[in-house]
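Each residue of the sequence shown is one higher than the one before, starting from 1 at the first, in full-length UniProt numbering. Glycine is no exception: its CB is placed at the ideal position from the N, C-alpha and C atoms.
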Amino acid sequence: MSKISVVINTYNEENNIANVIGSVEDWTDEIIVVDMHSSDRTATIALSMGAKVFLHENLGYADPARAFAIAKSSHDWILMLDADEMVPYELSKILKRIMESGDFDAVNIPWINYLFGKHIENTGWGGHQDKHIRFFKKGYVIADSRIHNFLHPIHTARVLDLKLDKNLGIVHFNYKDLNHFVEKMNRYTSIEASKLKSDDKIFLSRLIIVPLMEFFKRLLYRKGYKDGMYGFILSVFMMFYKFLSYAKAYENTMIKNFGNSDKTYKVIASEILKEYENQKV
């Protein structure tokens, strides 16, 4: 009979780790926590609840640690979660039935996203819009180390696309407030920028067109207007996310070609001080 390993990636998640483990400990067979050297009690709490804890280098985001987490698991089926996610009871029964049927190798699961304390049902975060393969048979899914690129099934995998039914999906307690969003956006866009290729000839158009397309995609095509003011705010934020990623990529190119601002400022400061020295002669 097949068994399930849960793998959870963490960094400073002492406020969440007990919830995510509590939502899976009664119906799965192994819990693996891969911690990126938390400075809080995340690892201690996980160990006290029976999880196996492994450490991974902190690269600023969880994706590079996912393949490592899968490799540490012992069982046929993998349920991959983050610490701010939970599996409702009804979903757990569905996932077990899917596994026991033998008809599928991976499941694409709806996400029930809460942002700023509100259930966001559109803007790209709705359960019918935001789905991820997080329950799968080992060997049928590849973990991509790129930021927010998640997991990809191999071409022979039999994937079940789980339909959103009565908001049945993995519950994700996403950004707590606007400050939390901005803090993560600053960190994530720096990582995104390091992956982007800079081309001066088309960079200005990217800085203008790509963010605007993102705004209208979120607000209109993804029906962000149905989420009210927060739908509008999220559309603007995601527009700025795209803008900031490309702006930082451009800045990286300028630093590579001409040096950073510290070098420029030192030259200017030296010239100003030299003027004073010349007056003493």
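Query raised in the report: Is the stretch 66-85 close to the stretch 127-143, with three or more CB pairs under 8 Å?
Result: yes
Report task. Enumerate, from N- to C-terminal direction, the unbroken alpha helix (DSSP H) stretches of 4 or more residues contained entirely within the stretch 168-202. Result -> 178-195
Query - Bounding residues of the beta strand (DSSP E) (the contiguous stretch that carries L115) - result: 106-115
Report task. Give me the Cα-Cα distance between I70 and S92, rounded to the nearest whole angstrom. Result -> 20 Å
Report task. Decide if G50 is buried, meaning its Cβ has at least 16 other Cβ atoms within 10 Å, or exposed. Result -> exposed
Query raised in the report: Under three-state DSSP, which class holds A62?
Result: coil
**Report entry** Inter-residue spacing [alpha-carbon to alpha-carbon] between S190 and Y241
**Finding:** 10 Å
Query raised in the report: In chain order, what residues of the same chain lie with their CB nearer than 7 Å to the CB of K118, ignoring the 5 residues before and after it?
Result: Only Y230 meet the Cβ criterion.
Requested in this report: Whole angstroms is fine: what's the gap from Y250's alpha carbon to N260's?
Outcome: 12 Å
Query - Distance between E183 and I112 (C-alpha atoms, nearest Å) - result: 22 Å
Query raised in the report: For E14, which beta-bridge partners are listed by DSSP?
Result: Answer by DSSP bridge pairing: none, since E14 is not bridged.
Query raised in the report: Along the chain, where does the beta strand (DSSP E) that runs through R158 open and close?
Result: Counted as a single uninterrupted DSSP element, the stretch harbouring R158 is not any beta strand (DSSP E), since DSSP gives it neither H nor E.
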